[in-house]
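> Residue numbers (my numbering): 294 to 438.
Yeah, the Cβ is synthetic: ideal placement off N, Cα and C, and Gly gets one too.
This structure is a prediction, so every number in the text was calculated from the model and none was measured.
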């Protein structure tokens, strides 16, 4: 087969697999945040988004298996537009995950006078959330910077 055929096949296989992986990672992230912070809509959004991606993948499979692409050229064009938009989103998420994994390999023994810890607002105006407290604790430990 020609090189372009191989690339198209990789695209049609890689995008659904990467979207499946993104959905799994979002659900895992949501479960971790809910365990640490408690259940609320804001913490459940990654799980809901992951389930939405699963539902979209299932719908696409059924659409491809049952759709007559030759008799509906405009719907076919719309389908491919949505597919390539999904490709873009998948590549963006996969790139972000790969960058995050590579970032963990960078040396962290930097001596500094100040450290900035990103977080969120205080709970009830007085307390920090458990996740933010863990970030502060990690930044405070001498060997963690």
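Taking just the CA atoms, how far does residue 307 sit from residue 438?
Against the chain shown, residue 438 aligns to sequence position 145. Against the chain shown, residue 307 aligns to sequence position 14. Model confidence at residue 438 stands at a pLDDT of 45, short of 50, so the residue's coordinates are unreliable; what they give is reported in the following sentence. Going from the Cα of residue 438 to the Cα of residue 307 covers about 37 Å.
> DSSP state of residue 415, grouped into three classes?
If you number the chain shown from 1, residue 415 lands on position 122. Correct three-state label for residue 415: coil.
> Cβ atoms of residue 428 and residue 410: under 8 Å apart, would you say?
Position 117 of the chain shown, counted from the first residue, corresponds to residue 410. Position 135 of the chain shown, counted from the first residue, corresponds to residue 428. Yes, these two residues count as a Cβ contact at 8 Å.
> Could you tell me whether any non-hydrogen atom of the ligand FMN is closer than 7 Å to the CB of residue 354?
With respect to small molecules bound, the structure shown includes none, and the ligand FMN cannot be examined in it.
> State the start and end residues of the unbroken alpha helix (DSSP H) segment that holds residue 431.
Taking the first residue of the chain shown as position 1, residue 431 is located at position 138. Run containing residue 431: 423-433, per the alpha helix (DSSP H) assignment.
> Can you tell me where the alpha helix (DSSP H) with residue 388 in it begins and where it stops?
The count along the chain shown starts at 1 and reaches residue 388 at position 95. Residue 388 -> alpha helix (DSSP H) spans 366-396.
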